[in-house]
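2 protein chains.
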Amino acid sequence: MTVLRDDLLGQPSETPTPQTYPELRSALLARYDGLPAQLKIVAQFLIDKPNDAALMTIAALSEATGVQPSAFIRFSKAVGFKGFSEIQTILRDNLSNRQVSYAERVTRSSQSASLAPLERFTQSAIDSLSTLVESTPPANIDAGVKLLRNARQIHVVGHRRSWPVASYFAYMMAGFGAATHLFSPTGPMAEADASIVRPGDVMVAVSFPRYSEETARIVEQTAAMNVPVIAITNSRVAPIARQAQIVFEADQDEAAGFRSLASAIVLAQVIAVSYGEAIAAEASR
Amino acid sequence: MTVLRDDLLGQPSETPTPQTYPELRSALLARYDGLPAQLKIVAQFLIDKPNDAALMTIAALSEATGVQPSAFIRFSKAVGFKGFSEIQTILRDNLSNRQVSYAERVTRSSQSASLAPLERFTQSAIDSLSTLVESTPPANIDAGVKLLRNARQIHVVGHRRSWPVASYFAYMMAGFGAATHLFSPTGPMAEADASIVRPGDVMVAVSFPRYSEETARIVEQTAAMNVPVIAITNSRVAPIARQAQIVFEADQDEAAGFRSLASAIVLAQVIAVSYGEAIAAEASR
DNA sequence: TGCAAAGCAGAATATTTATTTCGTTTTGAC
DNA sequence: GTCAAAACGAAATAAATATTCTGCTTTGCA
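So this is what it looks like as structure tokens:
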């Protein structure tokens, strides 16, 4: 009986199997010289084009590299994995630049209810802040600032969970000398208030699930007057986003049923400070 | 024989089937309102998290959204595709030439002279959140929760920049059924209000530089009545920290003269949710 | 040059994943 | 309320993709 050669390649006592892309990359670089010819080609492709490899099937990779599919499996086992799919999981996690894949997080977060709230919410907030940077085009901020600078008056509305964001934004804008009006947080007065909006004004609306109907109504009324609306919300298809000229997304990674306002607060700050810097630059000219 | 209903949804005469992600996105936004409930959920996920959807299988998407796999196929045909795979191809093409990652963006723009406010404040917020985890002992949270649970009534005060934090905390506590009273944000009424504080109550005070004198005065008055004070502030030696039983530090990494409220907001959330979990655990016992 | 060990290609198989089918439930018009 | 059309969920099926298996080829050493 011959020894099962291939199985020997992944000695369990070796370096621990990489779990993240940086680990994988250095593991490949370290072992590259000792690999046989075909596997060198595989390693090189994974090092050079990890993002392409993340999205391709083994068949496609085989065609792109001229290496047979089975070689990819041999390669994976040689580096300590059970199969090529495990490598691809790492590549994909890296591509979506998250610590772990989305699917894993969904299942994991349901298990780790025991993790302390402090860690849970902090991590969740950090994740959503990272997303904020990626999903906010600078042009959007510029366009928002331009609208705000040309406004006769700036109205700000936000209820319930969105109230802290709205009031913070209004506070900062007022601090920069902008003519700012903040809608009262609650009560039947809100609707009547909308009558003070005039053409030439700008409306800044903050709304997160569960979306306040009052906010939606005020936005609808102002949009009907051709008053431009800047929306700070969690989704392009949120109620207020439809009527908005400019939509800022602050998606809120949900942790244990509670979403963090951190990204929304930071977003409000960024918009306000950008406004402040713009008028300061103008003043010094 | 009944008509094959589903097949009718993708009329060939309609708008041409999208080929690129921007086209797909606007097509989805345009058709969103007319879609049935489950398909709306699918559309929203594709609009909000296209990069996640690009890497997930239909089964994973199904779990993440709570929508059955077959609905994804129905959706794809309704929008004019042959199957979901075609949509995913578009998403993947888009992902492979997407903008640079967050980390690259920060490092790159920190080299250039003018670091955009978005990157500045986000990085600053992330830093202070990391600090928050390290500097907040779990025992502190437990002690705070215990005080809150024994309170006859919970008063919350915070002015100016601290107002969003105070109002958010009060909002969440009220949501958990706590008897909560939030001091009005401004005006000469504030001082008079302090008279409604009674022994057996708890005061939660939020104060950051420049420290509001009104907040300090209210805290002083309530502390004199032997009403315990929980302080959310930036330093152990902040004015309100001296009289507080429990001090939570949310140190605010300063970026260009503007401090982020992110860590304070998350801290408020953590305290409130810990309270909520505590009373939920008690109720189920 | 001979021989064993390792590497390899291609086909067969197993597994995962997408799609279809069909009975049930919901929705909306009358 | 009643009925028909549409939407939905669950399971069955089809398609794709990954992995294993086999025999052949190359490599390296004596």
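Order-wise, the sequence lines are chains A and B.
Mind the numbering: the first sequence is residues 0 to 284 in numbering that gives the first Met the number 0, read in order.
Mind the numbering: the second sequence is residues 0 to 284 in numbering that gives the first Met the number 0, read in order.
Glycine included, every Cβ here is placed at the ideal spot set by N, Cα and C.
Quiz item: Apart from the five residues just before and just after Gln-314(B), which ones in its own chain have a Cβ nearer than 7 Å to its Cβ?
Solution: Because chain B spans 0 through 284 in this model, residue 314(B) falls outside it and cannot be assessed.
Exercise. Examine the Cβ distances between the region 212-222 of chain B and the region 141-156 of chain B and report whether three or more of them are shorter than 8 Å.
Key: yes
Self-check item: Proximal residues of chain B, C-beta to C-beta of Arg-30(A) below 9 Å
Solution: Ordered by position in chain B, no residue passes the 9 Å Cβ test against Arg-30(A), which lies about 26 Å from the chain.
Self-check item: Those runs of the alpha helix (DSSP H) which lie wholly inside the region 160-227 of chain A and span at least 4 residues
Solution: Along the region 160-227 of chain A, the alpha helix (DSSP H) occurs as fully enclosed runs of 4 or more residues at 162-174, 188-192 and 212-223, listed in sequence order.
Exercise. Let me know the secondary structure DSSP gives Ala-277(A) once reduced to three states.
Key: Here Ala-277(A) sits in helix by DSSP.
Practice problem: Measure the C-alpha to C-alpha separation of Thr-64(B) and Leu-60(A) and round it to an integer number of angstroms. | Solution: 31 Å
Quiz item: Using a Cβ cut-off of 8 Å, which residues of the region 201-233 of chain B contact any Cβ in chain A, in chain order?
Solution: none
Practice problem: May I ask which residues mark the beginning and end of the beta strand (DSSP E) holding Val-246(A)? | Solution: 245-248
Exercise. Would you mind stating whether Asn-93(B) and Tyr-20(B) have Cβ atoms separated by less than 8 Å?
Key: yes
Practice problem: For the alpha helix (DSSP H) holding Gly-143(A), just list the boundary residues, first then last. | Solution: Secondary structure note for Gly-143(A): its alpha helix (DSSP H) is the uninterrupted segment 137-148.
Practice problem: Classify Arg-91(B) as helix, strand or coil using the three-state DSSP reduction. | Solution: Helix at Arg-91(B).
Quiz prompt | Assigned exposure category for Thr-135(A) - 16 Cβ within 10 Å defines buried | solution = Flag for Thr-135(A) reads buried.
Quiz item: Touch check for the region 228-242 of chain B and the region 203-211 of chain B: three-plus C-beta pairs under 8 Å?
Solution: yes
Quiz item: Should Glu-253(A) be labelled buried (16 or more other beta-carbon atoms within 10 Å of its own) or exposed?
Solution: exposed
Self-check item: Distance between beta carbons of Val-66(B) and Gln-37(B), contact taken as under 8 Å
Solution: 5 Å
Self-check item: Sequence-distant residues of its chain with Cβ nearer than 6 Å to Ile-270(B) (five each side left out)
Solution: Gly-143
Self-check item: 4-residue-minimum alpha helix (DSSP H) runs that sit fully inside the region 31-83 of chain A, ordered along the chain
Solution: Restricting attention to alpha helix (DSSP H) runs no shorter than 4 residues, the region 31-83 of chain A encloses them at 36-47, 49-54, 57-64 and 68-77, ordered along the chain.
Exercise. Could you tell me whether the Cβ atoms of Gln-244(A) and Ile-229(A) are closer together than 8 Å?
Key: yes
Exercise. Using a cut-off of 7 Å between C-beta atoms, extract the partners of Gln-242(B) located in chain A.
Key: Within 7 Å of the CB of Gln-242(B), no CB atom of chain A is found; the nearest one sits about 25 Å away.
Quiz item: What does a CB cutoff of less than 8 Å around Met-172(B) pick up in its chain, not counting 5 residues either side in sequence?
Solution: Leu-147, Ile-153, Val-155, Thr-179, Ala-271 and Tyr-274
Quiz item: Is any beta-carbon of chain B found at less than 8 Å from that of Ala-279(A)?
Solution: no
Self-check item: Three-state secondary structure assigned by DSSP to Ala-115(B)
Solution: Coil at Ala-115(B), not helix or strand.
Quiz prompt | Ile-153(B): first and last residue of the uninterrupted beta strand (DSSP E) it sits in | solution = 153-157
Practice problem: Using beta-carbon positions only, say whether Met-202(A) and Thr-221(A) come within less than 8 Å of one another. | Solution: yes
Quiz item: Looking at the C-beta of Ala-124(A), does it have a partner C-beta in chain B at a distance below 8 Å?
Solution: yes
Practice problem: Identify which residue in Leu-28(B), Ala-279(B), Gln-18(B) and Met-55(B) has its Cα closest to the Cα of Gly-176(B). | Solution: Ala-279(B)
Quiz prompt | Separation of Gln-242(A) from Glu-219(A), as counted between CA atoms | solution = 7 Å
Quiz prompt | Proximity to Phe-168(B) [Cα-Cα], best of Gly-174(A), Ser-161(A), Ala-169(A) and Phe-168(A) | solution = The shortest Cα separation from Phe-168(B) among Gly-174(A), Ser-161(A), Ala-169(A) and Phe-168(A) belongs to Ser-161(A).
Practice problem: In angstroms with no decimal places, state the Cα-to-Cα distance between Asp-200(A) and Ala-150(A). | Solution: Straight-line Cα distance between these residues: approximately 5 Å.
Quiz item: Which word fits Gly-174(B), buried or exposed, when buried means at least 16 other C-beta atoms lie within 10 angstroms of its C-beta?
Solution: exposed
Quiz item: What number of angstroms, rounded off, separates the C-alpha of Glu-276(A) from the C-alpha of Ala-282(B)?
Solution: 51 Å
Quiz prompt | Thr-130(B) - DSSP class collapsed to helix/strand/coil | solution = helix
Self-check item: Tyr-170(A) at chain B interface by Cβ criterion, 8 Å
Solution: yes
Self-check item: Contact with chain A by Val-160(B), beta-carbon distance below 8 Å
Solution: According to the sequence displayed, residue 160(B) carries Arg and not Val. With 8 Å as the cut-off, Arg-160(B) counts as an interface residue toward chain A.
Quiz item: Arg-148(B) CB to nearest chain A CB: under 8 Å?
Solution: Any Cβ of chain A closer than 8 Å to the Cβ of Arg-148(B) would place that residue at the interface, and such an atom is absent.
Quiz item: How big is the Cα-Cα spacing for Ile-125(A) and Val-246(B)?
Solution: 23 Å
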